[in-house]
Amino acid sequence: MLKPLLIEIGVEELPAVPLLKELNNIEKKYADILEKNSLLCEFEFYYTPRRLVIWHAEFKTRQDDSEEEFFGAPIAVAYKDGEPTPAAIGFAKKCGVSIEEIGKAQKGGKEVLYYKKDLKGKASAELLGDVIQSWIKSLDFGKSMRWGSNSESFIRPIRWVNVLLGDELVDMELFNVKSSKQTFVHRISNFDVVNISGAKEYFEVLKDGGVTLFPELRRENILANFSSLEKDNGIKIEIDEDLLDEVVAITEHPTALLGSFDESFLRLPAEVIITSMKEHQRYFPVFKDGKLINKFVVVSNALTDDFTKVIEGNETVLRPRLADGLFFYDNDLKNGLSTNGLEKVVFMKGLGTVADKIQREKKIANILFDIYKPEGSSKETLERAVSLAKADLTSEMVYEFTELQGLMGSYYAKALGESDEVATCIKEQYLPDGEDSELPSSKLSAIVAMSIKLDTLLAMFSINQIPTGTRDPFALRRAVNGLIRITKEHNLEFDIVKTLKELLVGYAEFDMSKLEAFFLERVKQYFKVNPSIIVAVLASGERELLAMGKKIEALETMVNSEGFSESFSTFKRVSNITKDINMSIEMIVDHKLFEHEAEKVLHVRYIEVSTCRYNSYEEELDALFGLKPELDKFFEDVMVNAEDESVRNNRKSLLASIYKSILKIADIKEVSVA
C-alpha cells in the first residue's frame, strides 16, 4: 500500500553558505539510508531558512517481504560421526533455529550448511524514526552547536518535527523534540504554531501563510522581480549566481526592491562598492550604460504591501558601510603606496617576511625578463611593479576587504602617479586565480604574475611544504595551472627542469625531481585529453611547457583522426622491434647494405620527411605517419632479423631512425587506443 509521506524538520534560521555547501549531498544521503532500509522510492527535497522538507507523493507503508540466506561450514567440518560439531551448533544458533532445521547446499564446489529465512517486511512507521535520525545526523554543515540538554549537535537548534504518513502522525523524537501535526508559517503572517490535519494540507497551509516552500520557485520569483525592475527603471542588475543562491536560501517570501545611496560614494572604485554591498549586505549592484550607478537591489523577506520602510532601512544600513570605505580609501591615498611594515610580517616560518618574498620575486622577475625580453618594456618598470605589488597589504581597505588585494594597489598606483604599465602589473599579479579566470594582459604583467607563483612554489618546496592528498593550503596546484595557462597565452617557453634550476639560487636545497613530478602531475590534470596521450608526450622527455602543450594537442588530433588505429599498429610494430636500441645515439644507416627495393624506398621517403621543415607538430606527425605504406611494404618484403649481423643491424637502424623522429614528439607506444 502507498501513502504520501511528509517529513519536515523545523529549525532556527539556517546559515546559507553551509547549507549550500552540503546541498548536493543531502538527497543522496537520504536515498542511501532509504535503500539500506528497503524503502527507496521517489522523493523531493525542499528547504527554506527555517525548514528541511522531504516529500514523497507515494511511500510504501511497509517493507517488501524478503528472504535471507545463511551459509555455514562444510558438512565434513560440521558433523563428526553423524553428530553436529560446535561449528554446526553455532551456525544454528546464529540462524535462530534448532539444528534439525539446518539444511545443506552447494557453495564453492563444497557441500555446506545452509538455512533460508523468510523475512516479513516491517511497517514503515516503525522504521521512519531511525531513518530520519540517521539522515539528520549524516548531514555535514561544518560547524554545529549544542542547545538545551542535548549531548549531540546540529547546525542550528531543531524546534519542531512534523512527520505524516498519509494523515497519520509518525511518532518519533529528534533532539528531544517530539513529532506533532504542527508547523510554522512566515513569522509576519502568524507567529504561532499552525495545526495541520494531514500531509496534503501542509502545502496549502504554507502557501496561505506566506511561505514559498520550493527553492526553484523562489529563484524564479526573484529573477522575475529583477526583470521588472530593469524594464521599469532602464537599469541592468548584475546577477551573481552565488549571491542569488544565498538569497534564495535565506528567504521564504522573496521580493526584490530597488534602493539607492548617495552619489558622492561613486568616487570609490566600483569594486569597493560592489564588494561592500555583496559581502556585508547581500545586495546586487546596479548598472546603467555599462557603469555602476548609485542604486542597489535588495531581496526582502518581508510580507507587506508597502516596502517603503524596508527600502529606507536597507539604505540606512548601507550608508555607514560605504562611508567606512571612503574613509579607508582617502586614508590610504594620504599614506601612499609603501612596503614599510612588510619586513615585520612573517610570510612563512623558514622563509622570512613578506619583504623577503618581494626580494625573491624581484630576482625571478629579472631572470624571466632576460629570457622573454618583453618588447617596449624596461627592467626599471618591472622592478617598480614587483616592488609595489604587495604594498596594498598594509592598506586599510585591503585589511577590511582582503579579496581586493592587488586591485586596490593598482587604483592607488594610478592615483599616485605611477605608470599605467605598473598599475596593470599590480592589478594582474595574482592572475589567473581560478579555472575560468582572466589572464595577465601583457608580457610584462605575465612575468610579474609568474614570478609570484614561482617564488611560492620554490619557497614552499624548499621547506618541504608539499601538498598531500586534497590538502593544498598555499594553492600550489593552482599556481602551476596558472603557469601553464600564462605560458600558453603569451607564447612563453618555460622548461620545468632547466628554467627552474636557473631560478633556484637563494632557496634552501631540495630534491628538484619532486617539483618536476608536481608540475607533471598538474599537466596530466590540466589537459582534458586521453591520459595516455599526455603520458606518451612526457615519455618523449619533453619538459618545456609550451612545446608540451602543442605536442599533446598535435598527438590528440592524430589519435582522433580517421584510420589512426591501422597506422598505430604499424608504428607499434616499429616500436617493438627497436625497443632495445639506445635512442640517444646517432643512427647510422648504410644504403649499400640494402638488399630489397622496399628498404631503398622507405629510406628515401624517410629522408624526405625528416629533412623537411614543418610549421607545427601536427604537420610533422602527419608526415611521419604518412610513412605507413612504405613501412607496410617493408615488413611484407623484408626480414628484419636477417642472418647477416650487419644487414640486420642496418635494418633496425633504419626503423630506429623513424621511431626516433616520432619520439621527439611522443613515445606513441604509450598511447592506449580503444
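Numbering (UniProt numbering), first residue to last: 1 to 674. Glycine residues also receive a C-beta, built at the ideal position from the N, C-alpha and C atoms.
Beta bridge counterpart(s) of residue i as assigned by DSSP
| i | result |
| --- | --- |
| GLY148 | In the DSSP output, where bridge partners are listed per residue, GLY148 has none listed. |
| PRO74 | VAL112 |
| VAL299 | ALA256 |
| residue 677 | In this structure the chain extends from 1 to 674, so residue 677 is not present and cannot be described. |
| GLN525 | DSSP lists no partner for GLN525. |
| PRO285 | PHE296 |
| GLY376 | BP columns for GLY376 are empty, so no partner. |
| THR183 | VAL194 |
For residue j and residue i, the rounded distance between their alpha carbons
| i | j | result |
| --- | --- | --- |
| ASP324 | ALA475 | 31 Å |
| LYS390 | GLU418 | 15 Å |
| THR570 | ASN576 | 10 Å |
| ASP420 | MET450 | 19 Å |
| GLU173 | VAL161 | 8 Å |
| LYS3 | LEU520 | 56 Å |
| SER567 | ASP580 | 22 Å |
| LEU229 | THR255 | 11 Å |
| GLN359 | GLU216 | 52 Å |
| SER205 | SER180 | The residue you asked about is not Ser; residue 205 is Val in the sequence shown. Taking the straight line joining both Cα atoms gives about 15 Å. |
| PHE261 | GLU312 | 10 Å |
| LEU342 | LYS334 | 19 Å |
| ALA224 | LYS231 | 11 Å |
| LEU39 | PHE154 | 25 Å |
| ASN650 | ALA459 | 51 Å |
| PHE284 | VAL194 | 35 Å |
| TYR46 | ALA31 | 14 Å |
| PHE191 | PHE184 | 7 Å |
| TYR114 | VAL211 | 57 Å |
| GLY82 | GLU68 | 27 Å |
| ASP622 | MET558 | 7 Å |
| ASP242 | VAL297 | 15 Å |
| GLY234 | SER227 | 10 Å |
Range of the contiguous alpha helix (DSSP H) that encloses residue i
| i | result |
| --- | --- |
| ASN162 | ASN162 -> not in any alpha helix (DSSP H); beta strand (DSSP E) instead, spanning 158-165. |
| ARG478 | 476-489 |
| HIS603 | 597-610 |
| ARG321 | 308-335 |
| PHE635 | 628-637 |
| GLU58 | Note, GLU58: premise wrong, no alpha helix (DSSP H); beta strand (DSSP E) at 51-60. |
| ASP31 | Per the sequence shown, residue 31 should be read as Ala rather than Asp. Unbroken alpha helix (DSSP H) run through ALA31: 16-36. |
| THR424 | 420-427 |
| ILE155 | Unbroken run through ILE155: none, as it is neither H nor E. |
| TYR411 | 407-415 |
Exposed unless 16 or more other CB atoms sit within 10 angstroms - verdict on residue i
| i | result |
| --- | --- |
| ASP356 | buried |
| ALA123 | exposed |
| LYS80 | exposed |
| VAL398 | buried |
| ARG613 | exposed |
| GLN106 | exposed |
| PHE60 | It is worth fixing the name first, because residue 60 is Lys in this sequence and not Phe. By the 10 Å Cβ count, LYS60 comes out buried. |
| ASN582 | exposed |
| ARG218 | buried |
| GLU58 | exposed |
| ILE662 | buried |
| ILE239 | exposed |
| LEU128 | buried |
| ILE607 | exposed |
| GLU643 | exposed |
| SER149 | exposed |
| ASN340 | exposed |
| LEU416 | exposed |
Residue-level contact to chain D via CB, residue i, 8 Å cutoff
| i | result |
| --- | --- |
| ASP622 | The chain inventory of the structure shown lacks chain D, comprising one protein chain alone. |
Residue range of the unbroken beta strand (DSSP E) whose run includes residue i
| i | result |
| --- | --- |
| LEU139 | Segment: none, LEU139 is in no beta strand (DSSP E) and carries neither H nor E. |
| TYR47 | 44-48 |
| VAL247 | That residue, VAL247, is in no beta strand (DSSP E); its alpha helix (DSSP H) goes 241-249. |
Original post:
Can at least three beta-carbon pairs, one atom from the region 4-14 and one from the region 38-58, be found at a separation below 8 Å?
Top reply: yes
Original post:
Taking contact to mean at least 3 C-beta pairs separated by less than 8 Å, is the region 517-528 in contact with the region 587-604?
Top reply: no
Subject >> Contact between the region 130-143 and the region 62-80 (3+ Cβ pairs under 8 Å) >> reply: no
**OP:** State whether the region 628-640 contacts the region 493-506, with contact taken as three or more CB pairs (one from each stretch) at a distance under 8 Å.
**Re:** no
Original post:
Taking contact to mean at least 3 C-beta pairs separated by less than 8 Å, is the region 256-268 in contact with the region 285-296?
Top reply: yes
Original post:
Three or more beta-carbon pairs under 8 Å between the region 90-109 and the region 15-30, yes or no?
Top reply: no
Original post:
Counting pairs of Cβ atoms below 8 Å between the region 401-411 and the region 422-430, do you hit three or more?
Top reply: yes
Original post:
Using 8 Å as the Cβ pair cut-off and three pairs as the minimum, do the region 164-178 and the region 186-201 touch?
Top reply: yes
Original post:
Does the region 436-446 come within contact of the region 318-332, defined as at least 3 CB pairs closer than 8 Å?
Top reply: no
Original post:
Per the contact definition of three or more C-beta pairs closer than 8 Å, is the region 240-255 in contact with the region 375-393?
Top reply: no
Original post:
Quick one: any contact between the region 19-31 and the region 141-151, if contact means 3 or more CB pairs under 8 Å?
Top reply: yes
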